[in-house]
Amino acid sequence: MRVALLALLVASATITLAQAQGAHSGVVLVDVDQKTGKVTNAKILQSTGNADYDNTALKKFRQWRFKPGTTARQVKIPITFVPAGNHY
Numbered sequence: 606m607r608v609a610l611l612a613l614l615v616a617s618a619t620i621t622l623a624q625a626q627g628a629h630s631g632v633v634l635v636d637v638d639q640k641t642g643k644v645t646n647a648k649i650l651q652s653t654g655n656a657d658y659d660n661t662a663l664k665k666f667r668q669w670r671f672k673p674g675t676t677a678r679q680v681k682i683p684i685t686f687v688p689a690g691n692h693y
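Per my numbering, the very first residue in the sequence shown carries number 606; after that it's consecutive.
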């Protein structure tokens with residue numbers, strides 16, 4: 606199953622075109638409480654190379670909720686920040 610389908614609450618991260626000079630990719634690891642589906646911790650496994658992007662991703666992933674009992678205790682989530690209007 607795709608992680609995006611399991612997320613019940615996804616807070617959007619807003620990055621302006623001025624902040625984004627190109628695509629920045631990384632990986633976040635989230636810990637999930639199996640009973641509640643709440644993310645209990647999030648950490649950067651691979652940095653985007655931009656501390657602001659990394660911190661924004663962590664803040665938003667800590668707000669995620671999964672359907673209880675439907676995902677692993679830890680989930681790796683790839684992230685990519687792109688300039689507004691660009692699609693990858």
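By construction, the Cβ of each residue, glycine as well, lies at the ideal position given by its N, Cα and C atoms. If you're wondering where the values come from, they're calculated on a predicted model, not measured in any experiment.
Item	Value
Quick one: what's got a C-beta closer than 6 Å to M606's C-beta in the same chain, skipping five residues either side?	In this predicted model, M606 has a pLDDT of only 39, less than 50, meaning its place in the structure is not dependable; the value taken from the coordinates is given anyway. Excluding positions up to five away in sequence, the list is empty.
By the 10 Å Cβ neighbour count, where 16 or more other Cβ atoms means buried, how is A623 classified, buried or exposed?	Interpretation of A623 is limited by its pLDDT of 39, a score under 50 that renders its predicted location unreliable; no figure is taken from the coordinates.
Thinking C-beta only, is I649 closer than 8 Å to L663?	yes
Can you check which of these residues, T645, G654, T641, is closest to L634 by C-alpha distance?	T645
Which full runs of the beta strand (DSSP E) of 3+ residues lie inside the segment 624-681, going along the chain?	629-637, 644-651
In this structure, does DSSP put P688 in helix, strand or coil?	coil
Taking the alpha carbon of V637 as the point to measure from, which residue in F686, V687, A689, K672 has its own alpha carbon closest?	K672
Look at T685 and A647 and say whether their C-beta atoms are less than 8 Å apart.	no
G674: which of G642, S652, Q668 sits nearest, CA to CA?	G642
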